[in-house]
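Trainee: Mind having a look at this structure? Questions to follow.
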Amino acid sequence: MQSLIHITDKQTGLVADYISEKNYWNDVRTIELQNNRDTFDFTTFSDKSFSKYIDDQNRIVVPDRKVGYAEFIIDEHKQALNQNGSHHINVWSTASYLRLKKTKIISPKTTGTDTAAKHVTDTLVDTGWQRGKIAHTGLRTFVIEEHTNPYAFLKRIASEFNLELQFRIAIENGEIVRYVDMLERVGRWRGFEATFGHNLLGIERKSKSSGVVTALLGVSPADADGNVKTSLKYDYQALQRWGVKDSNGQLKHLYAVYYPQSTDQEMTQERLDTLTENELEKRV
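Sequential numbering from 1055 applies to the sequence shown in the numbering used here.
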C-alpha cells in the first residue's frame, strides 16, 4: 500500500488533498507512551497543489502499522530555502487523540457502577470520538474529585479495568471516523518508546500552536470549608479561528482548566474572573 498523507481541513473535517510518498521525506513518528507524546514530523514541497493546505491545526492522516491509520494535528509548519534555491516546508504535528484533553471539561462527580464500555461511551459524548472495541471485565464506580478531561479519564478507566487504551482511525465511506478501544493487555508494559522514520538529521521539534485553547475554566483555591469558585471564560474570535465543527456543523471550543498560582482561600469571584480572562488571553 502506498503511504499517502491525507490532509483534512481543521474546521470542516473534509479531505482537502493528499501527499504521495514521493513528495515527502524526513518522515519521523515518535511515540513515548510514558510522556503522552505521539508526534509525526516530515518535510515536503512548498510549490505543489497540496502545499496551500499545509496550515497550522489542519489534520493529516497517515498509515499506521498497528491500527491501520493514525491522525495528527499540524502544530507548526515552516518554509526553508534549499541550497539549490528551491523551497520546502518542514511540518510538525501531534496525534489528534491528545486533543481529547481539550474537547470538554468533566466536573467532579461520582459515576454509576458500570462496565468499561458504558464509561467509555459516556466519556466520549460530544468529543468527535466513539467507542470501539472494549473488552468485558466487570463493573466499576469512579469518584472524580477534581475537574478533568476525557483523555485523562479514559486513561484512568483503562488503568482501573486493567485494559490497554488504543486510539484508532478508520476511513468509512470517504469520512474519517475516530475510535477508542480498550483491549486485554498482552504482557507487561515496559515504558515503550519508539521512533519510526529515516534521515533524522536536522529535524527540530516545534509545537507553537499545540497549546491553543478557546475556553478556560478557572478554579479558585478551596476555602476553609473545602469549596471552590469557578469561572468559565470564552474567546469567540479564537473559536472562529481554531474551533472544530461537530456533526451539526457547530464550532466547538477547545477547553482547559486553570488553577491560579495563589493560596488565597478568600479569593473573590471578581478576582478569579480577572485572572481567568488574563490567562485565556495568553493561550489563544
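Virtual Cβ for every residue (Gly too), placed ideally from N, Cα, C.
Quick one: which unbroken beta strand (DSSP E) runs of 3-plus residues sit fully inside the stretch 1152-1218? Chain order, please.
Mentor: 1184-1188
Trainee: Determine the DSSP secondary structure at S1274, reduced to helix, strand or coil.
Mentor: Here residue 1274 refers to the residue found at position 220 of the sequence shown. S1274 falls in the coil class under three-state DSSP.
Trainee: Does the stretch 1121-1138 come close enough to the stretch 1147-1155 that 3 or more CB-CB pairs lie under 8 Å?
Mentor: yes
Trainee: Within 10 angstroms of the Cβ of I1225, are there 16 or more other Cβ atoms? Answer buried if so, exposed if not.
Mentor: Counted from its first residue, the sequence shown places residue 1225 at position 171. Burial call: exposed.
Trainee: Suppose you measure from the CA of K1158 to the CA of Q1304; what does that come to, to the nearest Å?
Mentor: As a first step, residue 1158 must be located in the sequence shown, where it is residue number 104. As a first step, residue 1304 must be located in the sequence shown, where it is residue number 250. If you take the alpha carbons of K1158 and Q1304, they lie about 15 Å apart.
Trainee: Can you check which of these residues, D1318, G1122, A1310, W1296, is closest to T1281 by C-alpha distance?
Mentor: Numbered from its first residue, the sequence shown carries residue 1281 at position 227. In the sequence as presented, Thr is not what sits at residue 1281; that position holds Asn. Per the Cα distances, D1318.
Trainee: In angstroms with no decimal places, state the Cα-to-Cα distance between T1110 and A1134.
Mentor: For the purposes of this step, residue 1110 is taken as the residue at position 56 of the sequence shown. For the purposes of this step, residue 1134 is taken as the residue at position 80 of the sequence shown. Note that residue 1110 is Asp in the sequence shown here, rather than Thr. Approximately 16 Å, taken between the alpha carbons.
Trainee: Give the DSSP-derived three-state secondary structure of L1237 in the structure shown.
Mentor: On the sequence shown, residue 1237 is found 183 positions in, with the first residue counted as 1. If DSSP states are grouped into helix, strand and coil, L1237 belongs with the strands.
Trainee: Which value, in whole angstroms, describes the spacing of the CA atoms of I1257 and A1278?
Mentor: To locate residue 1257, count along the sequence shown from 1; it is residue 203. To locate residue 1278, count along the sequence shown from 1; it is residue 224. Any reading at I1257 must be qualified, since the residue scores a pLDDT of 38, below 50, and its modelled position is unreliable; no value is offered.
Trainee: From the DSSP output, which residues share a beta bridge with S1147?
Mentor: On the sequence shown, residue 1147 is found 93 positions in, with the first residue counted as 1. In DSSP, S1147 forms a bridge with F1094, I1128.
Trainee: Based on Cα-Cα distance, which residue from N1090, H1060, L1068, D1063 lies nearest to L1219?
Mentor: For the purposes of this step, residue 1219 is taken as the residue at position 165 of the sequence shown. Among N1090, H1060, L1068, D1063, the Cα nearest to that of L1219 belongs to N1090.
Trainee: Counting only the same chain and skipping the five closest in sequence on each side, list residues whose C-beta sits under 7 Å from that of T1330.
Mentor: Here the question's residue 1330 lines up with position 276 in the sequence shown. Taken in chain order, the residues that qualify are L1270, G1272, S1285, K1287, Y1312.
Trainee: Between the stretch 1070-1083 and the stretch 1094-1101, are three or more C-beta pairs nearer than 8 Å?
Mentor: yes
Trainee: In three-state DSSP terms, what is K1306?
Mentor: Within the sequence shown, numbered from 1, the residue matching residue 1306 stands at position 252. Looking at K1306 - three-state DSSP - the assignment turns out to be strand.
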